[in-house]
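Quick note on numbering: numbering that gives the first Met the number 0 labels position 25 of the sequence shown as 24, and the sequence is numbered without any gaps.
For reference, the structure is listed below as structure tokens.
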Amino acid sequence: MLEALAALEKEGQEALKALREESELPVWYREFLGRKGKLTDLLRGLGALSPEERPKAGQRANEVKTALEEAFATRQTEIKNAAMEASLASGGLDITLPGRPVSPGHLHLSTHTLRRIREIFAEMGFQVYDSPEVETDENNFELLNIPPYHPARDMWDTFWVNEQVVMRTHTSPGQIRCMRENHPHPIRVILPGKCYRYEQITPRSEHQFYQVEGLAIGHNIRITDLIGTMREFARKMHGEERRLRIRSSYFPFTEPSIEIDMDCILCVGKGCRVCKHTGWLEVAGAGMVHPVVLRNGGYDPEEWSGFAFGMGVERPAMLHHGIEDIRFFYNNDLRFLQQF
Ligand code: PHE
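So this is what it looks like as structure tokens:
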């Protein structure tokens, strides 16, 4: 038995030295150390030995096993290293090539635009007030002077969560929250955020979009303050040469209400496809905060006055970048997103 073990060890070591290819390694392992290999075969003979011989032979068998296993591991490393060196030498792998760049991603175009808007208003002293996207009917409509029966509700197609709760159709309900939280102190805030309308989705309208609301409450605030603020914004955002046009309008929560346009940034007022040949682009709906709304917010309209505006975010971004379809903002196509 002991001789057979010694012979097996020698045979194994020699066979190992003769190996050249990685693929030969498992073949060798199966032959010598596998469950049906030569060592196992020999061990089966242990039972036939006398009780005196058995421990000695068992110990020796273990030694052979360990020795072969160690030799195998060493040879395996040698062969693998040799294969690596050969591959390097043959030029198959150039380890001096730069690695593949990791794409870190970047901000969404809407986020970029929002940040720029925030920056401009921050310079004018406006803070940001956050307000939820799911609102009560009361905040979204009633406290903004739009009672249930009022036809002005038709200005906003609404997603209803239940009879009292809606996906906000505009950022204006934030006005109520902000006033109730801050009265009787002056306010100068913008309220950026998502709004939702139950609308047919087309290249020009999505059922979700961003708005930035503005609200200033104080003593002796006038419509000229509103117009001046919007002019400053338009010039910072769209170029110093911008001019504004004011049209009268209607919103239930402002009185008087206005629509603010600026001269088209592409044709500078001459008329082109972007401005639909009018020379003007819509910037915001706005007005002086309605006395009823001031009162709902906790301010006495005899003492306080204020202005509010609401503007879109995607539209101006579309103008700037010549984007023809608002749906690109929301369908997560990287080919679109990576352009900005
Ligand atoms: N909330 C209005 C809209 O979504 C815009 C607006 C805001 C008008 C504030 C006046 C004052 O159409």
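We put the beta carbon where it would ideally sit given N, CA and C, even for glycine.
Small disclaimer: the values here were computed from a predicted structure and weren't measured.
N- and C-terminal bounds of the alpha helix (DSSP H) containing residue i
i, result
"aspartate 40", "37–43"
"serine 109", "108–122"
"leucine 24", "24–31"
"lysine 55", "52–88"
"glycine 11", "1–17"
"leucine 333", "333–336"
"threonine 201", "Looking at the DSSP string, threonine 201 is not in any alpha helix (DSSP H), and its letter there is neither H nor E."
"proline 103", "Run containing proline 103: none; DSSP gives neither H nor E here."
"histidine 184", "Segment: none, histidine 184 is in no alpha helix (DSSP H) and carries neither H nor E."
"leucine 96", "Premise fails: leucine 96 is in no alpha helix (DSSP H) and is neither H nor E."
"histidine 319", "313–320"
"aspartate 224", "222–237"
"leucine 293", "290–295"
Residue i versus residue j - alpha carbon distance
i, j, result
"alanine 215", "tyrosine 128", "12 Å"
"leucine 106", "leucine 142", "35 Å"
"glutamate 313", "threonine 228", "20 Å"
"glycine 340", "arginine 29", "As displayed, the chain neither begins before 0 nor continues past 339, which places residue 340 out of reach and without an answer."
"histidine 169", "glutamate 205", "13 Å"
"glycine 268", "isoleucine 245", "15 Å"
"glycine 98", "histidine 111", "30 Å"
"serine 130", "glutamine 174", "9 Å"
"aspartate 332", "glutamine 338", "11 Å"
"phenylalanine 158", "proline 100", "43 Å"
"alanine 307", "cysteine 194", "17 Å"
"histidine 182", "glycine 286", "20 Å"
"phenylalanine 328", "histidine 319", "14 Å"
"methionine 310", "arginine 167", "15 Å"
"glycine 270", "arginine 242", "15 Å"
"serine 304", "serine 256", "14 Å"
"arginine 43", "alanine 60", "11 Å"
"leucine 190", "glycine 213", "6 Å"
"glutamate 162", "leucine 108", "35 Å"
"glutamate 68", "tryptophan 27", "11 Å"
"glutamate 134", "arginine 196", "13 Å"
"glutamate 323", "serine 89", "53 Å"
"proline 185", "proline 103", "42 Å"
"leucine 87", "alanine 72", "23 Å"
"glutamate 13", "serine 49", "31 Å"
"leucine 7", "alanine 82", "28 Å"
"glutamate 240", "glycine 192", "28 Å"
"proline 315", "isoleucine 325", "11 Å"
"glutamate 52", "methionine 0", "9 Å"
"asparagine 139", "valine 165", "8 Å"
"glutamate 10", "phenylalanine 31", "9 Å"
"glutamate 2", "alanine 70", "20 Å"
"glycine 284", "aspartate 262", "16 Å"
"alanine 47", "lysine 64", "20 Å"
Range of the contiguous beta strand (DSSP E) that encloses residue i
i, result
"threonine 253", "253–262"
"methionine 166", "164–166"
Bridge partners - residue i, DSSP secondary structure assignment
i, result
"cysteine 194", "Phe208"
"serine 247", "Ile257"
"methionine 178", "Its beta-bridge partners do not exist; DSSP assigns none."
"tryptophan 279", "Asp262"
"threonine 135", "Val164"
"phenylalanine 308", "Gly213 and Ala285"
"isoleucine 189", "Val127 and Gly213"
"tryptophan 159", "Val165"
Heavy atom of ligand 3 within 7 Å of residue i beta-carbon
i, result
"glycine 286", "The model depicted lacks ligand 3 and carries ligand 1 instead."
| request: Assess, as a yes-or-no matter, whether the region 262–274 is touched by the region 282–302 under the definition of 3 or more beta carbon pairs within less than 8 Å. | output: Short answer: they don't touch.
| message | Is it the case that the region 145–157 contacts the region 94–101, given that we only count it when at least three CB pairs across the two stretches are under 8 Å? | response | No: the two stretches stay apart, fewer than three of their Cβ pairs being nearer than 8 Å.
| query | Is there contact here, the region 244–252 with the region 286–295, by at least three beta-carbon pairs under 8 Å? | reply | The region 244–252 is in contact with the region 286–295.
| query | Are the region 4–22 and the region 76–84 touching, with three or more C-beta to C-beta distances below 8 Å? | reply | A contact exists between the region 4–22 and the region 76–84.
| field | Touching by the beta-carbon criterion (3+ pairs, under 8 Å), the region 195–210 and the region 221–236 | value | At 8 Å Cβ cutoff, the stretches do not touch.
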